[in-house]
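Chemist:
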Amino acid sequence: MCEPYVFKPSGNDLRKVMYYHGIPLDDQITCPFHDDNRPSCHIDYESGTFYCFACGVSGDAFEFVKLAYPKLNGIKQLQRYFRILKSKKVKPLKNDNFRASKKRQDKLKNKQYYEDISHDYYYGLKTLDWKKEKGPEQQYLKARGFNSKTMNEFGVKLTLTSKAYPIIFPILDMGNFAGYVCRTMNKNVEKRAKYLYNTGFSRNHTLGGYYKNEVVVLCEGYLDMIKLRQFGLTNVACIFGWKITSKQVDKLKAMGVKTIISALDTDLPGRKGTDYLKNFFNVIRFQFPNGIKDPGELTQELFDTAYKQTKQLYRKMEMSANVNSKQHKTGNQKQRSKQVKNSLHKGRRQSKDPFLEGRGARHRTNNPRQLRKQRQSNMS
Ligand SMILES: [Zn+2]
C-alpha cells in the first residue's frame with residue numbers, strides 16, 4: 015500500500031506568507047486574527063507553525079492563508095496560497111478581511127468570559143503561606159510528597175466553599191492564567207472524579223507549565239507537572255490526559271519544541287499516548303523505575319536515578335542522529351563541513367543539560383501574584 019499524500023508546508027512557506035501580508039518576521043507578533051494589543055501569536059520558523067495564546071488560532075502556512083481569506087472556498091484558498099508563495103509583492107490585508115469571523119469572535123468572547131470568572135474566583139481567595147498551614151489539606155499534600163515551598167510557589171489555595179474539592183491550583187500555561195483545578199481528599203468523591211476544573215476550561219488548547227525549549231518533558235496531570243518541577247526540571251508541561259491534541263501539538267511546535275521526553279503514565283493509555291507523540295516529535299521515554307505508574311509516585315531519589323538514565327538515552331539518540339545526518343550528506347564539501355560543525359556545536363551545547371536549560375529559565379516564576387504584577391506592568 016502506498017502512503018497517502020500529505021501536503022506539508024515548510025517553515026519558509028510561513029515566512030513567505032507572513033512577508034506577503036506585511037507582517038514583521040518576529041518570533042512573537044501581534045495576532046492578525048483577533049484584536050490583539052500585545053504580541054500573543056508565537057511563531058516557529060523552523061517547523062513553520064504559529065499559535066496565538068489569546069484566540070487559539072494555530073497551524074502552518076496554509077492554515078494562515080485559510081484564516082486570512084475565510085470567504086474563499088477550499089480550492090480558491092489553495093490557489094491563493096500557491097499564488098502567494100510565487101509572488102514577490104507585499105499586500106497587507108484589510109482589517110475586515112483579516113479579523114476573526116463572527117463565529118470565532120463569539121467563541122473568543124465566551125472563552126474570555128469563563129477565564130475572567132475563574133480568574134476572579136481564584137485571585138479572590140486568600141493567599142496562603144503553606145509553611146504555616148497545619149490543616150488536613152497541608153498534611154494531605156505533604157503525604158503526597160509536595161513541600162510547602164512548592165505549594166507557595168505554585169499559588170495553591172483553599173476553596174473554603176467546597177467540601178468535596180477543598181484544594182485549588184491555578185492552571186498556568188506559559189505563565190498565562192488558563193483556569194484552575196481542584197483536588198479532592200475524599201475517597202468516595204475520588205471514585206467519581208479526582209479533579210474538578212473550572213467551567214469553560216478546555217484541555218484542547220491548554221498545556222500546563224513551561225515549554226519554550228527544544229527538549230520538553232511532557233506528563234499527563236497538572237500535579238505530575240508540579241512534582242517534576244519540584245524535582246528540579248524546568249521545561250515540563252502537562253497535557254491533561256494521555257493523548258495530545260492537535261492544538262497542543264501546534265502550541266509546542268510554535269515554541270520550537272523538537273524532542274519530547276514522555277513522562278506520560280506507564281499504563282496502557284500512557285504508552286499509547288507516547289507512541290502517538292512520535293507522529294509529531296522525536297520521543298524519548300522517561301525511564302520510570304519498575305512498578306511506578308506516574309511522576310506523582312516518584313520520590314526525589316527515584317527521580318534522580320530515572321532522570322540520569324533518561325539523559326543517557328537522550329545522549330545516545332543525539333549521537334546516532336548526528337551519525338545519521340553525517341551519513342546522509344549529499345551536498346558539497348563546504349556545506350558538509352558546515353553541517354557537521356553545527357551538529358557538533360549543538361552536541362556540545364546540549365551536553366550540559368538539555369532538559370533544564372530553557373531560554374529565560376531563570377526568570378521564570380510560577381507565583382500567580384508575581385505573574386499578575388508582571389502582566390499589569392506589561393500592559394501599562
Ligand atoms: Zn489571536
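Numbering (our numbering), first residue to last: 15 to 394. Glycine is no exception: its CB is placed at the ideal position from the N, C-alpha and C atoms.
#1: Quick check: is any heavy atom of ligand 1 less than 7 Å from the C-beta of Phe6?
#2: For Tyr136, which of helix, strand or coil comes out of DSSP?
#3: Return the CA-CA distance between Cys233 and Pro184, expressed in angstroms with no decimal places.
#4: Can you say whether Leu266 is buried or exposed, counting buried as having 16 or more other CB atoms within 10 angstroms of its CB?
#5: Is the separation between the beta-carbon of Lys257 and that of Gly287 shorter than 8 Å?
#6: What residues in its chain sit with their C-beta under 7 Å from that of Gly223, if we drop five residues either side in the sequence?
#7: Excluding the five sequence neighbours on either side, which residues of its own chain have a C-beta within less than 7 Å of the C-beta of Tyr95, listed in chain order?
#8: If you reduce the DSSP assignment to three classes, tell me which class Ile240 lands in.
#9: Helix, strand or coil: which one does DSSP assign to Asn296?
#10: Mark Ser176 as exposed unless 16 or more other C-beta atoms lie within 10 angstroms of its C-beta, in which case mark it buried.
#11: Per DSSP, Ser216 is paired with what?
#12: State the Cα-Cα distance for the pair Tyr321 and Arg329, rounded to the nearest angstrom.
#13: Quick check on this structure: which residue in Pro84, Ser334, Tyr59 has the alpha carbon closest to the alpha carbon of Lys116?
#14: Any heavy atom of ligand 1 within a distance shorter than 7 Å of the CB on Ala68?
#15: With distances taken between CB atoms, is the gap from Phe47 to Val71 smaller than 8 Å?
Modeler: By the coordinates alone:
#1: The structure shown does not extend to residue 6, since the chain spans only 15 to 394, so no value can be given for it.
#2: helix
#3: 17 Å
#4: buried
#5: yes
#6: Met239, Val250, Ala251, Cys252
#7: Phe76, Val79
#8: helix
#9: strand
#10: exposed
#11: Looking at the DSSP assignment, Ser216 forms no beta bridge with any residue, so it has no partner.
#12: 12 Å
#13: Pro84
#14: yes
#15: yes
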